[in-house]
């Protein structure tokens with residue numbers, strides 16, 4: 187499901203240039219580029235949380251903070267990049283995810299920790315959430331692409 | 187995952203009135219109401235496909251066609267309803283899905299038929315696709331809600 191979701195995300199941005207990736211629809215909108223980096227940043231956050239049981243450190247927050255939070259900081263910081271930049275960052279993050287998952291047994295998916303509002307969540311849910319967030323933003327990317335090219 | 191996706195969809199439309207549900211952002215946009223009915227229509231389509239191995243019949247297409255296809259027919263036909271209307275239709279469709287799934291064994295999920303471009307897809311993928319499409323539109327609903335209320 188993660189792989190399929192990513193396949194559709196990448197299909198939906200195929201052929202986009204810098205102008206479309208940087209397109210800001212209105213004062214509240216995130217660019218397609220920022221949404222792509224957000225997807226990579228969420229995956230990075232869940233790598234730290236589930237593989238190492240920790241939050242992002244200061245260096246990682248410096249690298250990913252704007253993409254994680256979106257909004258005004260992301261509008262200022264994330265722009266001017268070609269599609270290869272975003273696809274490359276998505277790919278490097280995913281390679282680490284798949285390598286880490288490959289080192290674990292299926293029962294790891296059932297391991298629970300306190301999560302949102304302290305309620306227990308297992309690793310299966312956490313990685314489901316990574317791709318459900320991606321699909322949510324893929325819907326926004328599709329919507330924005332039609333306007334960015336319009 | 188289906189249940190969680192639906193929970194988030196319903197949370198994201200909580201409290202919306204007819205004006206917001208009918209809000210059309212631009213000439214190409216679908217309303218939040220139309221997107222909610224689209225979600226119910228896709229689920230109805232996959233009920234017919236996976237539980238009965240058939241397409242929607244003429245009566246069902248009359249009921250669901252505009253919601254399935256979205257765009258101009260949906261902008262004309264789907265409007266003026268309160269949130270209860272959409273939530274009720276989503277609930278009735280979901281009740282049937284859960285009842286039908288409950289009648290089947292897990293191995294049914296592995297049953298394959300030729301699907302997109304004739305490539306084999308099993309029932310697990312088809313029902314994954316139902317909620318991945320919902321999550322895609324949930325992302326659009328979140329985006330539209332901020333503008334509809336703005």
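Chains as they are written, first to last, in the numbering used here: chain A, 187 to 336; chain B, 187 to 336. Using N, Cα and C, we set each Cβ at its ideal position, and we do this for glycine too. What you are looking at is a predicted structure, and each value in this text was computed from that prediction instead of being measured.
message: Distance check for residue 264 of chain A and residue 208 of chain A, CA to CA, integer angstroms please.
response: In the first chain, counting from the first residue as 1, residue 208 of chain A sits at position 22. In the first chain, counting from the first residue as 1, residue 264 of chain A sits at position 78. Per the coordinates, the alpha-carbon of residue 208 of chain A lies some 8 Å from the alpha-carbon of residue 264 of chain A.
query: Mind checking if residue 321 of chain A is an interface residue toward chain B, Cβ cutoff 8 Å exclusive?
result: The residue you call residue 321 of chain A lines up with position 135 of the first chain. At least one C-beta of chain B is nearer than 8 Å to the C-beta of residue 321 of chain A.
field: the stretch 326–335 of chain A contacting the stretch 301–308 of chain B, beta-carbon criterion three pairs below 8 Å
entry: In short, these stretches do not touch, since the Cβ pair count stays below three.
field: DSSP-derived helix/strand/coil call for residue 307 of chain B
entry: Numbered from its first residue, the second chain carries residue 307 of chain B at position 121. In the structure shown, residue 307 of chain B sits in a strand (DSSP, three-state: E or B).
- prompt: Residue range of the beta strand (DSSP E) that residue 298 of chain A falls in?
  reply: By one-based count along the first chain, residue 298 of chain A stands at place 112. Counting along the chain, residue 298 of chain A sits inside the beta strand (DSSP E) bounded by residues 298–300.
query: What does residue 318 of chain B touch in chain A if you count any residue whose Cβ is under 7 Å from its own?
result: As a position in the second chain, residue 318 of chain B is number 132, starting the count at 1. By Cβ distance, chain A contributes 191, 321.
message: Counting C-beta neighbours from all protein chains within 10 Å, is the total for residue 334 of chain B 16 or more, i.e. buried, or is it exposed?
response: For this step, residue 334 of chain B is matched to residue 148 along the second chain. Residue 334 of chain B comes out buried.
query: Of all the residues that make up the stretch 236–258 of chain A, which are near chain B by a beta-carbon distance shorter than 9 Å?
result: none
query: Is it the case that the Cβ atoms of residue 280 of chain A and residue 229 of chain A are separated by a distance below 8 Å?
result: One-based indexing of the first chain puts residue 280 of chain A at position 94. One-based indexing of the first chain puts residue 229 of chain A at position 43. Closer than 8 Å, so yes.
field: CA nearest to the CA of residue 286 of chain A, picked from A/198, A/192, A/233
entry: By 1-based counting over the first chain, the position of residue 286 of chain A is 100. It is A/233.
- prompt: Would you report the Cα separation of residue 201 of chain A and residue 193 of chain A, rounded to the nearest angstrom?
  reply: Here residue 201 of chain A corresponds to residue number 15 of the first chain, with the count starting at 1. Here residue 193 of chain A corresponds to residue number 7 of the first chain, with the count starting at 1. If I take the Cα positions, the gap works out to 14 Å.
query: Which chain A residues are close to residue 329 of chain B, counting only those with a beta carbon under 7 Å from its beta carbon?
result: In the second chain, the residue the question calls residue 329 of chain B occupies position 143. By Cβ distance, chain A contributes 326, 329.
Reduced DSSP secondary structure (H/G/I, E/B, other) of residue 213 of chain A: For this step, residue 213 of chain A is matched to residue 27 along the first chain. In the structure shown, residue 213 of chain A adopts coil according to DSSP, grouped into three states.
message: Give me the chain A residues within the contact set of residue 206 of chain B, using Cβ-Cβ distance strictly less than 8 Å, ordered along the chain.
response: Within the second chain, the letter at position 20 stands for residue 206 of chain B. Near residue 206 of chain B there are no residues of chain A at all, since even the closest Cβ is about 16 Å away, more than 8 Å.
- prompt: In angstroms, rounded to a whole number, what distance separates the CA positions of residue 205 of chain A and residue 269 of chain A?
  reply: Residue numbering aside, residue 205 of chain A sits at position 19 when the first chain is read from its first letter. Residue numbering aside, residue 269 of chain A sits at position 83 when the first chain is read from its first letter. Looking at the two C-alpha atoms, the distance is approximately 10 Å.
message: If you follow the alpha helix (DSSP H) that residue 192 of chain B is in, where does it begin and where does it stop?
response: Working through the second chain from its first residue, we reach residue 192 of chain B at position 6. Element bounds for residue 192 of chain B: 188–199.
query: Pick from B/267, B/218, B/199, B/242: whose alpha carbon is nearest that of residue 257 of chain B?
result: Here residue 257 of chain B is taken as the residue at index 71 of the second chain, counted from 1. Looking at the Cα atoms, B/218 is the closest of the given residues.
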